[in-house]
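Protein chains in written order, with our numbering: chain Y, 253 to 496; chain X, 253 to 496. Structure record follows, encoded as structure tokens.
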């Protein structure tokens, strides 16, 4: 599987993705699941992908090709007038790729499935964040649900639900995602290091801080060990169950 | 769905289960998922169930009937010579019920699926804990994997993985499960209060402390609120991500 999160804060957007892909536990490899298109001063578009690797790579390649061959099929990712229109284009390509691969029946289709988180900003409008389903339709993050997760989402959800605050800084948001990813990594083999992280600061219209976090990254180690001991300490401090 | 945990500690066994069943989110009800058979001084057998309610009820009813009609089909749940043999009997009934309901095809079978956690002790042998699959086969908890979860297992797993310790008291184990269930309840509508809890103290050969925990249980409220603030505080104390 995969674990990817896109999160909206007052200051912009934060993205994080793992890099493990597997076809069975005996066949794992590392692939980047975070893809960025940008025209500095004009637009930044980030796409996170989960699901069948052939499908997600085909989607990204088609988006790539179409954004290079400007004029070939307008509008391309670098020409769309809005993030909504961008999500529509990605959704159409997702549906196209999946229906082109699925031979027949529900099983084949679900086998080639993929989901995406799309976020970014285009000059003249606000940053926006979408989740795109295998069927090609999509939903947008609002104030009540300011983040999307795809892949192995359950382990890392409780901490986001509890600690998210729209006023967080990028540094705090990175910490939150680091904890959420660490909980997932510790519980599920199909999510693996290294992690890719990207900050997009609102209205800058250029890709912000980007980092690949490996297992020996000192900050990652601090969070991972620190969170384990903090959890144990917090747990210890809660009163024990009063029997009888 | 459901969330049930069976956990082995040095002092015995601890079981916890939620009570929500649903056929769609517009049709939820409360059913007990913890079932106990015992003959004080001889044996205690606890069964937790997850999955299709018709299947799990049929399994429990059959086990019940057969344990009452002693001599009808030997050995019954109250006569089995070992927990291993008990698990075999439960597994056979599970397979029987599911294959009797599934009309045809893989879909129907998976629709009627159910999983079980079986634990207990029979005089003359150690307490044992099993997980029984819809296919009727089963695995036993050992030192490396001292707990089983069924149903919506992912949200509540990270805290058990981190805080479990075989030397824990019953009071601490109850606290651990309370936190694990609270994380699940906060993230997934298909798991719901009240919770059923049971302690089995090794070698007592009788059902120990039992309690139904409702939403207004003061200890549950303390843990739920306390854990939220403890998590937030622990999170705050971790160093923020060092940008650049």
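For each residue, glycine too, the CB sits at the ideal point set by N, CA and C. These numbers were taken from a predicted model, which means no experiment stands behind them.
Output, in chain order, the set of chain Y residues within a Cβ distance shorter than 9 angstroms of residue i.
i, result
"residue 489 (chain X)", "478 and 482"
Using a 10 Å radius around the Cβ and a threshold of 16 neighbouring Cβ atoms, would you call residue i buried or exposed?
i, result
"residue 449 (chain Y)", "buried"
"residue 373 (chain Y)", "buried"
"residue 317 (chain Y)", "exposed"
"residue 439 (chain Y)", "buried"
"residue 412 (chain Y)", "buried"
"residue 410 (chain Y)", "buried"
"residue 462 (chain X)", "exposed"
"residue 395 (chain Y)", "exposed"
"residue 351 (chain Y)", "exposed"
"residue 435 (chain Y)", "buried"
"residue 432 (chain X)", "buried"
"residue 286 (chain Y)", "buried"
"residue 415 (chain Y)", "buried"
"residue 268 (chain Y)", "buried"
"residue 422 (chain Y)", "buried"
"residue 280 (chain Y)", "exposed"
"residue 283 (chain Y)", "exposed"
"residue 258 (chain X)", "buried"
"residue 408 (chain X)", "buried"
Since residue i meets chain X, which of its residues come closer than 9 angstroms, beta carbon to beta carbon?
i, result
"residue 269 (chain Y)", "What residue 269 (chain Y) touches in chain X: nothing, since even the nearest Cβ is about 16 angstroms away."
"residue 474 (chain Y)", "490 and 491"
Nearest-angstrom Cα distance between residue i and residue j?
i, j, result
"residue 278 (chain Y)", "residue 301 (chain Y)", "22 angstroms"
"residue 261 (chain Y)", "residue 307 (chain Y)", "30 angstroms"
"residue 424 (chain X)", "residue 264 (chain X)", "13 angstroms"
"residue 404 (chain X)", "residue 366 (chain X)", "13 angstroms"
"residue 430 (chain Y)", "residue 298 (chain Y)", "19 angstroms"
"residue 451 (chain Y)", "residue 276 (chain X)", "38 angstroms"
"residue 489 (chain X)", "residue 418 (chain Y)", "19 angstroms"
"residue 454 (chain X)", "residue 348 (chain X)", "32 angstroms"
"residue 371 (chain Y)", "residue 368 (chain X)", "42 angstroms"
"residue 420 (chain Y)", "residue 492 (chain X)", "11 angstroms"
"residue 296 (chain Y)", "residue 399 (chain Y)", "18 angstroms"
"residue 458 (chain X)", "residue 475 (chain Y)", "44 angstroms"
"residue 426 (chain Y)", "residue 484 (chain X)", "15 angstroms"
"residue 473 (chain X)", "residue 255 (chain X)", "19 angstroms"
"residue 266 (chain Y)", "residue 332 (chain Y)", "22 angstroms"
"residue 392 (chain Y)", "residue 328 (chain X)", "56 angstroms"
"residue 320 (chain Y)", "residue 406 (chain X)", "41 angstroms"
"residue 253 (chain X)", "residue 303 (chain X)", "7 angstroms"
"residue 353 (chain X)", "residue 288 (chain Y)", "50 angstroms"
"residue 494 (chain X)", "residue 471 (chain Y)", "8 angstroms"
"residue 292 (chain X)", "residue 330 (chain X)", "11 angstroms"
"residue 312 (chain Y)", "residue 384 (chain X)", "42 angstroms"
"residue 309 (chain Y)", "residue 364 (chain Y)", "12 angstroms"
"residue 456 (chain X)", "residue 486 (chain Y)", "32 angstroms"
"residue 460 (chain Y)", "residue 294 (chain Y)", "14 angstroms"
"residue 290 (chain X)", "residue 437 (chain Y)", "40 angstroms"
"residue 376 (chain X)", "residue 397 (chain Y)", "55 angstroms"
Listing by chain order, which chain Y residues have their CB less than 7 angstroms from the CB of residue i?
i, result
"residue 426 (chain X)", "493"
"residue 435 (chain X)", "410"
"residue 422 (chain X)", "495"
Who are the neighbours of residue i on chain X, taking C-beta pairs under 8 angstroms?
i, result
"residue 407 (chain Y)", "406, 407, 409 and 410"
"residue 471 (chain Y)", "491, 493 and 494"
"residue 430 (chain Y)", "493"
"residue 237 (chain Y)", "Here chain Y has residues from 253 to 496 only, and residue 237 (chain Y) is not among them."
So which residues of chain Y does residue i contact, with C-beta pairs closer than 8 angstroms?
i, result
"residue 439 (chain X)", "406, 409, 410 and 413"
"residue 399 (chain X)", "What residue 399 (chain X) touches in chain Y: nothing, since even the nearest Cβ is about 13 angstroms away."
"residue 453 (chain X)", "Within 8 angstroms Cβ-Cβ: nothing; residue 453 (chain X) doesn't reach chain Y, min ~11 angstroms."
Consider the C-beta atom of residue i and the heavy atoms of the ligand FMN; say whether any pair is separated by less than 6 angstroms.
i, result
"residue 412 (chain X)", "Among the components of this structure there are no ligands whatsoever, and the ligand FMN is therefore not found."
Between the segment 334-341 of chain X and the segment 374-381 of chain X, do three or more beta carbon pairs fall short of 8 angstroms?
yes
Quick test of the definition: if touching needs 3 or more C-beta pairs under 8 angstroms, does the segment 462-478 of chain X touch the segment 464-480 of chain Y?
no
Taking one C-beta from the segment 271-285 of chain X and one from the segment 435-455 of chain X each time, how about it: are there three or more such pairs within less than 8 angstroms?
yes
Uninterrupted alpha helix (DSSP H) stretches inside the segment 409-493 of chain X (no shorter than 4 residues):
409-415, 422-439 and 470-489
Would you call the segment 340-347 of chain Y and the segment 382-393 of chain Y in contact, with 3 or more CB pairs under 8 angstroms?
yes
Mind pulling the beta strand (DSSP E) runs of 3 or more residues that sit fully within the segment 356-407 of chain X?
366-374, 380-384, 390-392 and 399-403
Hey, which unbroken runs of the beta strand (DSSP E) at 3 residues or more fall wholly within the segment 295-357 of chain X?
295-303
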